[in-house]
Amino acid sequence: MTVYYTAVQSFHDGEPETVTGCRGLDCAHGDDELGEYPADFVAAVKDEGTGRTADGTYLNWSHDVGYWLDSAARDTAGAPLRPFVTAAADPGVLPRGTTFRIAGCGHTDDGAPPPGPVCAGLRRARWTVADEFTPGLGGSRHVDVYIGEETGPDFTDSAWYLTLTGASLRHAP
Numbered sequence: 003m004t005v006y007y008t009a010v011q012s013f014h015d016g017e018p019e020t021v022t023g024c025r026g027l028d029c030a031h032g033d034d035e036l037g038e039y040p041a042d043f044v045a046a047v048k049d050e051g052t053g054r055t056a057d058g059t060y061l062n063w064s065h066d067v068g069y070w071l072d073s074a075a076r077d078t079a080g081a082p083l084r085p086f087v088t089a090a091a092d093p094g095v096l097p098r099g100t101t102f103r104i105a106g107c108g109h110t111d112d113g114a115p116p117p118g119p120v121c122a123g124l125r126r127a128r129w130t131v132a133d134e135f136t137p138g139l140g141g142s143r144h145v146d147v148y149i150g151e152e153t154g155p156d157f158t159d160s161a162w163y164l165t166l167t168g169a170s171l172r173h174a175p
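The numbering of the sequence shown is this note's numbering, which starts it at 3 and goes up by one.
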């Protein structure tokens, strides 16, 4: 299980990079100039799929569309992402619409349990698979859970940015 989040431009200060793409979700791999953003913010958007810009719009990215501007953080189907609700999974393992809770958090890459407050927060949530990813990118039994906007600079060094191995899920009707 991996968390994903919305990058926030104000927490990034890399060199300016011009981004091209679509002015909305209704095109693919457009060539409109969408603006200049810090390079580390653009990289985070490409890794995570979405970022809130300084003017409050969202720069989104997917393999199918490329970059696009929008009024919300969106999944690959165009639905708004909902913190501690939206999940993505291989549709052959957990189909769209499946609702689940995290029963056990497993362990981090170094074999340690995740911090207690992080595990508790993830376990309290009721997740719904609303997005899918290509099988194999996270392994055959992998799920990504969306936790909302990053909360400060260097968010990827925080306790909330983690990958868990051996986590267990239970169906939540």
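All C-beta atoms in this analysis are idealised placements derived from N, C-alpha and C, irrespective of residue type, glycine included. Note that the structure is predicted; figures quoted are calculated from it, not measured.
Terminal residues of the beta strand (DSSP E) in which residue i lies
i           : result
residue 126 : Element bounds for residue 126: not the beta strand (DSSP E) but the alpha helix (DSSP H), 118-126.
residue 105 : 101-106
residue 53  : 52-54
residue 173 : 170-173
residue 163 : Neither: residue 163 is in no beta strand (DSSP E) and is coded neither H nor E.
residue 9   : 4-10
residue 61  : 60-64
Helix, strand or coil at residue i [DSSP, three-state]
i           : result
residue 20  : strand
residue 158 : helix
residue 151 : strand
residue 135 : coil
residue 43  : helix
residue 86  : coil
residue 73  : coil
residue 34  : strand
Residues that DSSP places opposite residue i in a beta bridge
i           : result
residue 91  : 134, 145
residue 109 : 167
residue 68  : 64
* **Stretch pair the stretch 68-80 + the stretch 102-114: three plus CB contacts closer than 8 Å** => By the Cβ rule, the stretch 68-80 does not count as touching the stretch 102-114, because fewer than three pairs are nearer than 8 Å.
* **the stretch 79-92 contacting the stretch 30-47, beta-carbon criterion three pairs below 8 Å** => Result no; under three Cβ-Cβ pairs closer than 8 Å.
* Is the stretch 151-160 in contact with the stretch 102-110, if contact means three or more CB pairs nearer than 8 Å? -> Note that the stretch 151-160 does not touch the stretch 102-110; fewer than 3 beta-carbon pairs, one per stretch, sit closer than 8 Å.
* Does the stretch 51-58 come within contact of the stretch 91-102, defined as at least 3 CB pairs closer than 8 Å? -> The answer is no - the stretch 91-102 does not touch the stretch 51-58, with fewer than three Cβ pairs under 8 Å.
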